[in-house]
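Listed in order, the protein sequences are those of chains A and B. Taking my numbering, I'd label the letters of the first sequence as residues 155 to 551. Taking my numbering, I'd label the letters of the second sequence as residues 5 to 322.
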Amino acid sequence: MTVAKDKISIEGLTGDAAIAHALKQCDLDVLAAYPITPQTIIVEDFQKFAADGEVQTAVIPVESEHSAMSACVGASATGARVATASASAGLALMWEILYCAASMRMPIVFTVANRALSAPINIHNDHSDGMGMRDSGFVQLYCQSSQEAYDTTIMAFKIAEDHDILLPVMVGIDGFILSHNVERVEMLPTDVVTDFLGIREPVQPLHPDKPITMGPLALTDYYFEFKEQQDRAIQEVPKIYKKVEKEFEKLTGRSYGMIEEYKTDDAEIIILAMSTMGGTAKAVADVLREKGEKVGVIRLKMFRPFPVEEICKAIGDAKAVMIFEKAMSFGAVTHPLAMEIRSALYEAENRPMVLDFVVGLGGRDVPPTTFVEGYEKTKKYLEKGEAPLYETLGVRK
Amino acid sequence: MTEEAAVRIKDMLEKDEILSSGHRMCAGCAAPTIVKLMGMALRGPTVVCEATGCLEVATTIYPYTAWKIPWIHVAFENASAVASGVVEAYKVMHQKGRFEHEHVDVIAIGGDGGTFDIGFGSLSGMLERGHDVVYMVYDNGAYQNTGIQRSGATLPGQETTTSWAGKVSPGKEQRKKPIAEIVAAHKIPYVATVSPYHRRDFIQKFRKALEVEGPAFIHAISPCPRGWRSETGKSMELAKLAVETGIHPLYEVFDGEEYKMSGPSKRIKELTPIEDYMKPQGQFRHLFKDPQWEGFREQIQTWIKEDWELLKKKCGVE
């Protein structure tokens, strides 16, 4: 049953504030975090809730992000519901422990206001931080709106804590573009969130009455088996994700899918992008459609695990896929998102032309004209029958 | 929280061991002894959070473990942060009625590398935030686990594989980081130095560390036959000499202010010359073989004496 309208509270919230509100309603046991722009408001708001007695959560204001993730692992090991938040350099400092969190199967929710990595130091949005942690074993969900950030944060706990998963989940929002942008957000009553999530039921907690050894040394004879199990767990995510979204949709009428498809059915050229770029891409597609161009959009929400089948199905018989991505993998064949798409499409019967446009690094604006520029180029490449592996748009060369 | 500390031999034999035999620590290593002495002080529900190091790798080779009490390891530099998360999680889950124990003794353990160096930031953060955790460093004076490299705890004159004694070098040239005093400067309730040779002093101090509310710190000297190139049967003797020479004096610091010299150090009339401590160890051999280092040896002795006098003053000992 969808929650009655008069029970829903509506507020104008930034992406950060929407996440903070979601965390507040998820009855966290522990939040350990360190300030970093543009994530800081999440922690500030949460600390305010704590100061006003609105949450029963141990907030640990750690001395570094490395310790933030470490304290989260310790807390999660006891069976607690745990979250943290970070971005950019902070996320990079956590890097070592991200792998530990995933491999030790700690269902931590990690909200990230995606931001460029240094150097030069830059506080604005791109996806270098998220792409940098892509092999850590975290589930990665990228959001397009404050509402989606709120909804996804709540669902993230249910996915992470599912006994078939037990993996940490990253919820990404674009730094400043979404983290500091006020949007209308519908919030559920807290008791509904409480019922939806339930209380975490740990499988094998660190408990003084039941001695176990966690995080041992495993060498050539056992390490690989740990990884085999971890791989199996992340492959279960789509199944659980769909189940959780279905339940959430019953309450709210909202669901997002692992990918969002927009006018892809008959599309000849498909724009593929993540996070807030999805919104711009959809507006561009509308305008181009008015001009008779058959354009569609895929907005990828789940980057890990990568939804191969859904992507291939959505691309269908399109002639070209234009990827707009906000990260570089220096020296690679293409950049991270395009590499995934190219691999995913390798077995496809009608392989489309794949264009990789790197845009928006360090918060460089990605206006509709950038998409149009890519579109014009793509049409030319289609005529010629060849295209560069990747190119950058919107940068002085 | 009622279980007594086992201080008398008879009681020690009856107290449950927390570390089983069959672990893979080196023969003569003092670290397992230190852990077992720690076990003698335990009083109730306990969880250990350990940093990467000799003790960690050699006691938990999957699928085996030597630990009979709950234990977690995450990484090298974060035992304090992990412990912070563990202790706060138990507290809040108890408040919410989801965890039966009102209190759990959370102990973090690290070697000197994991404490003096790479884990120092994490340790300092934990102390400043005031989590109710006992942190114990077992200090074997170098990164022994990776093959004897110098750390902030390495003594001047000590040869390691990154502070070689050579034609122009006497081994490590710098002084040892005064970790107990740095920790005490955080004004935490309790800091103590211990030696496994002085078992009664060790157990009593560890018990005190568990009993204070807020962070406590135990600095244990831990002879390492492999790195120190000493005889495996001499570890306890070296743990005794470390105290007698003033290299590892035994004392307590309350609230970062009140220094108290412990019995074994207090009874010292005159410091034993550092030669007595150094000569049984191959890692100092060059200081005696090569006459050019005589001056440096004297310098080390002077440093130790100066530190000793300063400590006596702080402890109000004449």
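Heads up, the beta-carbon is just placed ideally off N, CA and C, and yes, glycines get one too.
* Decide if valine 195 of chain B is buried, meaning its Cβ has at least 16 other Cβ atoms within 10 Å, or exposed. => buried
* Beta-ladder partner(s) of methionine 140 of chain B, from DSSP -> B:Ile113, B:Ile222
* Around the C-beta of glutamine 210 of chain A, are 16 or more other C-beta atoms found within 10 angstroms, so that it is buried, or is it exposed? -> exposed
* Hey, alanine 423 of chain A and alanine 498 of chain A are a contact pair by Cβ (cut 8 Å); roughly how many whole angstroms apart? -> It should be pointed out that residue 423 of chain A corresponds to isoleucine in this sequence rather than to alanine. Contact doesn't hold; Cβ gap of about 18 Å is too wide.
* Sequence ranges, alpha helix (DSSP H) only - wholly within the segment 177-244 of chain A, length at least 4 -> 194-205, 219-231
* Checking contacts by CB at 8 Å: is histidine 281 of chain A closer than that to chain B? -> Histidine 281 of chain A does not count as touching chain B.
* **For tyrosine 500 of chain A: DSSP bridge partner residues** => Tyrosine 500 of chain A is not bridged to any residue.
* Quick one: is isoleucine 146 of chain A near chain B, going by C-beta distance under 8 Å? -> Residue numbering for chain A in the displayed model covers 155 to 551; residue 146 of chain A lies beyond these limits and cannot be assessed.
* To do: Measure the C-alpha to C-alpha separation of arginine 408 of chain A and alanine 158 of chain A and round it to an integer number of angstroms.
  => 14 Å
* Closer than 7 Å, Cβ to Cβ, to anything on chain A: give me those residues from the segment 36-49 of chain B, in chain order. => Pro49
* Can you tell me which of the three DSSP states proline 522 of chain A falls into? => helix
* How about tyrosine 376 of chain A: is its C-beta nearer than 8 Å to some C-beta of chain B? -> yes
* **Interface residues of chain B facing histidine 220 of chain A [CB-CB closer than 9 Å]** => Ala79, Glu81, Asn82, Ala85, Gly125, Ser126
* Given that histidine 98 of chain B touches chain A, what residues does it touch there, using C-beta distances under 7 Å? -> What histidine 98 of chain B touches in chain A: nothing, since even the nearest Cβ is about 10 Å away.
* Asked: Would you report the Cα separation of alanine 222 of chain A and glycine 151 of chain B, rounded to the nearest angstrom?
  -> 30 Å
* **Range covered by the beta strand (DSSP E) that runs through tryptophan 75 of chain B** => Unbroken beta strand (DSSP E) run through tryptophan 75 of chain B: 75-77.
* To do: Determine the chain A residues that contact alanine 9 of chain B at a beta-carbon separation under 9 Å, and present them in chain order.
  => Within chain A, no residue comes near alanine 9 of chain B; the closest Cβ sits about 18 Å away, beyond 9 Å.
* Neighbourhood of proline 189 of chain A by C-beta, 7 Å cutoff - its chain only, sequence neighbours within 5 removed -> Val197
* To do: Output the residue ranges of the beta strand (DSSP E) runs that lie fully inside the segment 299-346 of chain A and measure 3 residues or longer, sorted by chain position.
  => 323-328, 337-341
* Let me know the secondary structure DSSP gives arginine 204 of chain B once reduced to three states. => helix
* Quick one, which of A:Gly517, A:Val391, A:Glu530, A:Glu479 has its alpha-carbon nearest valine 462 of chain A's? -> The residue among A:Gly517, A:Val391, A:Glu530, A:Glu479 with its C-alpha nearest the C-alpha of valine 462 of chain A is A:Val391.
* the segment 43-62 of chain B touching the segment 74-93 of chain B, judged by at least three CB pairs closer than 8 Å -> yes
* Asked: Is there a Cβ from chain A that is less than 8 Å from the Cβ of arginine 139 of chain B?
  -> The residue you asked about is not arginine; residue 139 of chain B is tyrosine in the sequence shown. It does not: the Cβ of tyrosine 139 of chain B has no partner Cβ on chain A nearer than 8 Å.
* Listed by chain order, chain A residues near histidine 105 of chain B by CB distance under 7 Å -> Pro362
* **Contact set for lysine 212 of chain B: own chain, Cβ-Cβ below 8 Å, skip 5 residues either direction** => Cβ neighbours of lysine 212 of chain B beyond the five flanking positions: Tyr194, Ala196, Ala220, Glu256.
* Could you round the C-beta distance between alanine 502 of chain A and proline 490 of chain A to whole angstroms and report it? I think they count as a contact, below 8 Å. => About 20 Å; that fails the 8 Å criterion.
* Can you tell me whether isoleucine 334 of chain B is buried or exposed, with buried defined as 16 or more other CB within 10 angstroms of its CB? -> Only positions 5 to 322 of chain B appear in this structure, which leaves residue 334 of chain B out of reach.
* Asked: Where does the unbroken beta strand (DSSP E) through alanine 474 of chain A begin, and where does it stop?
  -> 474-479
* Put serine 173 of chain B into one of helix, strand or coil per three-state DSSP. => strand
* Three-state class that DSSP yields for isoleucine 304 of chain B in the structure shown -> helix
* **When B:Met130, B:Pro277, B:Cys33 are compared against aspartate 143 of chain B, the one with the closest alpha-carbon** => B:Cys33
* **Segment limits, beta strand (DSSP E) that includes isoleucine 251 of chain B** => First-last for isoleucine 251 of chain B: undefined, no H or E at that position.
* How should tryptophan 168 of chain B be labelled, buried or exposed, when 16 other C-beta atoms within 10 angstroms of its C-beta is the threshold for buried? -> Exposed.
* Asked: What does glutamate 92 of chain B reach in chain A if we use C-beta pairs closer than 7 Å?
  -> Val184, Ala212, Ile214, Ala229
* Measure the C-alpha to C-alpha separation of valine 321 of chain B and lysine 270 of chain B and round it to an integer number of angstroms. => 8 Å
* Three or more C-beta pairs below 8 Å linking the segment 69-81 of chain B and the segment 111-127 of chain B -> yes
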